[in-house]
Structure formats: structure tokens, C-alpha cells
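S.K.:
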Amino acid sequence: MLILRIASAAIGIAYLILAFYVGGWFLDLSVLVISLIGMHEFYTAVRHRGYNPLSWVGYLFISLLFWFITLYSNDSHTILLGALLAAFFCLFLTVVFPRLNFLDACLTVFGCIYPGMAFMYLILLYDADTYGKYLLIFTLFATWATDTFAYFTGLALGKNKLCPRISPKKTVEGSIGGILGSLIIGILVGMVFTHFYKVEIGYLHYAIISLLCGITSQMGDLSASSIKRFCNIKDFGRIMPGHGGILDRFDSIIFTVPIVYLYYLLFLN
Numbered sequence: 035m036l037i038l039r040i041a042s043a044a045i046g047i048a049y050l051i052l053a054f055y056v057g058g059w060f061l062d063l064s065v066l067v068i069s070l071i072g073m074h075e076f077y078t079a080v081r082h083r084g085y086n087p088l089s090w091v092g093y094l095f096i097s098l099l100f101w102f103i104t105l106y107s108n109d110s111h112t113i114l115l116g117a118l119l120a121a122f123f124c125l126f127l128t129v130v131f132p133r134l135n136f137l138d139a140c141l142t143v144f145g146c147i148y149p150g151m152a153f154m155y156l157i158l159l160y161d162a163d164t165y166g167k168y169l170l171i172f173t174l175f176a177t178w179a180t181d182t183f184a185y186f187t188g189l190a191l192g193k194n195k196l197c198p199r200i201s202p203k204k205t206v207e208g209s210i211g212g213i214l215g216s217l218i219i220g221i222l223v224g225m226v227f228t229h230f231y232k233v234e235i236g237y238l239h240y241a242i243i244s245l246l247c248g249i250t251s252q253m254g255d256l257s258a259s260s261i262k263r264f265c266n267i268k269d270f271g272r273i274m275p276g277h278g279g280i281l282d283r284f285d286s287i288i289f290t291v292p293i294v295y296l297y298y299l300l301f302l303n
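Oh and the sequence shown: position 152 is 186 in the numbering used here, straight run, nothing missing.
1) Tell whether a beta-carbon distance below 8 Å holds between ALA139 and THR128.
2) Report the three-state DSSP secondary structure of LEU66 (helix, strand or coil).
3) Is the beta carbon of ASN303 closer than 8 Å to that of ASP163?
4) What is the rounded straight-line gap between the Cα of GLY58 and the Cα of GLY212?
5) Since LEU70 contacts TYR93 with CB under 8 Å, what's their CB separation in whole angstroms?
6) Return the chain-ordered list of same chain residues with a C-beta closer than 7 Å to the C-beta of HIS82, the five sequence neighbours on each side being excluded.
7) Quick one: residues in its chain with C-beta nearer than 7 Å to the C-beta of VAL233, no 5 flanking neighbours on either side, listed in chain order?
8) Would you identify the three-state DSSP class for GLY208, choosing helix, strand or coil?
9) State whether the region 64-78 contacts the region 246-257, with contact taken as three or more CB pairs (one from each stretch) at a distance under 8 Å.
10) For the 8 Å Cβ check, are there 3 or more pairs between the region 271-282 and the region 202-211?
11) Among residues of its own chain, excluding the 5 on either side of LEU191, which ones have a beta-carbon nearer than 6 Å to its beta-carbon?
12) When you compare only the Cα positions, how much space is there between ARG272 and GLU75?
13) Taking all protein chains shown into account, do 16 or more other C-beta atoms lie within 10 angstroms of the C-beta of LEU63, making it buried, or fewer, making it exposed?
14) Closest to VAL291 by CA distance: which of ASP282, ALA152, SER89 is it?
15) Does the separation of the CB atoms of THR112 and PHE126 fall below 8 Å?
16) Does the Cβ-Cβ distance between THR142 and LEU88 come in under 8 Å?
17) Using a threshold of 8 Å, state whether the C-beta atoms of PRO149 and ILE288 are closer than that.
18) Hey, ILE200 and ARG283 are a contact pair by Cβ (cut 8 Å); roughly how many whole angstroms apart?
19) Would DSSP call LYS268 helix, strand or coil?
20) Mapping the DSSP letters down to three states, classify LEU196 as helix, strand or coil.
21) Can you tell me whether SER286 is helix, strand or coil according to DSSP?
22) Can you name the start and end residues of the alpha helix (DSSP H) that TYR185 belongs to?
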């Protein structure tokens, strides 16, 4: 199982590196595919609880929004407007489709926002100014460092449960270790960017972003666990052997990337 997890992760990381290197339409298309798969996993999960979201509406809406963003308006305001339009449209569908109740409409919209629109911030952060791609790579390193350090710290020192109702295995010690791990790896990656790539963001910003990633990535992890517990499933999917589905692997990224993009708009833009 461990070998399978490592092999699967290696393939995924290699693909991400390729997507970031090529950029352009290849990155946009890759993010769209990941978003659609993530939405499919979410809609499938809530169906386990007897809900019936209009998944095809969500897929169509996100595809059109991606097309508009990549061709015409690559900014966060378009995504916010898209979320509002999605809510209006899906509520109107309760009139057109009598079998669609209010909760199903809400879940259809929520699937568009989480994970559909959240993944779009990968593109927004990548295209942000001169250092956008470096900020995105930095965010990924800090986020995955949080997951890794939290796991091993919890394994070695974990005693106090962090959130036993949602995720019994997570501990306070592991959570603290994850935040510290994000800070350590973040500073190291920042040093590499500063000295070898002349990325002039500043170590204070690197430290703050690392702490933000360390906190919000665990929020994303716990939120995904809460959804899985509600839907009574172990994993969202099986597309990544040894890891589960897209949402199992990218649950933290869904939270960290939009937060880092917001930080960029407020303090680095």
C-alpha cells in the first residue's frame, strides 16, 4: 500500500510540474478536469444521503465559467459573480424541475463553489503578476508540508484529540507540528526562490503565508472529513490509488490557494 501511495503521488506531482511548466491552455484544461472530477465526487457523495443535485447543471456552469475566465476575464470578481449567478440559476431550476427541492438546489450550487470555483484560484494565483507561479508552488509546498508534518508528529507525539467527532486520529500535537512544518519548509522554499530565482517577496511574507497555509490546510482537511462523515463514506473516490479521490488529495489545497490569493491582493499586489 505504501509503495502504491508513493507511486501514485509521484505521478501526480510529475503531472503538476508539467502543467506548471507548460502553463497556458494545458494548465487551464488540467484545472478544469480536476474541478469537474472533484464536483463529480462531491455530487456522488451527497447522493449516498439520498439527495439529488443536478450534477449536469453544475458541470455545464463551471465549464462555461472556466471558458469565460480563461478567455475574457481572469480575475476573482468573475468567480464571485459566477457564484452569485449559480445560486440564482439553481434556485430558478426548482421552478423548472418540480422534483428538484430547495436542498438539492443548494447542494448543486455548493458543488459549483466547492470544489468547482475553488480550484479556479490555481489559475488566478498562477497568473498573478510576475511572481504568481512561484507563489502557487510555494503554497503547494507549504500545504503538503503541513499534511506530512502533522501526520508524523501526531504519530510520534499525539495524545490530545483535536476534533474526535470528525477525525478521531488527528491530534493537537499533530496540528501544531503541521503548522511548524509548514513554516520550516516555507522558509526553506523562500530561501531557494530568493537566492536562485531572484523572487523578491520577502521572508516576512513567506512566514505569514506559511502560517496561513498551516492553519487553513487543516481546516480544509477537517471540512472534507466532515462531509465524508456526513455522507457515510471513507473516500470521495478511487482515481488516485492509495490516496482516494481528487477531493481526498486536494482537500487542503481548496482552502489554502484562495486564501493565499487573497493575501496577494491585499499585501503583495
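All C-beta atoms, glycine included, are put in the ideal place defined by N, C-alpha and C.
M.R.: This is what the structure holds:
1) yes
2) helix
3) yes
4) Spanning the two alpha carbons is a distance of roughly 33 Å.
5) 6 Å
6) Excluding sequence neighbours, HIS82 sits near CYS265, ASN266, ILE267.
7) TYR165, TYR168, PHE227
8) helix
9) Result no; under three Cβ-Cβ pairs closer than 8 Å.
10) no
11) Within the same chain, and ignoring the five residues on either side of LEU191 in sequence, the residues whose Cβ sits closer than 6 Å to its Cβ are GLU207.
12) The straight-line gap separating the alpha-carbon atoms of ARG272 and GLU75 is approximately 10 Å.
13) exposed
14) With distances taken between CA atoms, VAL291 lies nearest to ALA152 out of ASP282, ALA152, SER89.
15) The answer is no: Cβ separation not under 8 Å.
16) yes
17) yes
18) So it is not a contact: roughly 18 Å between Cβ atoms.
19) coil
20) strand
21) The answer is coil: DSSP assigns SER286 none of H, G, I, E or B.
22) 166-191
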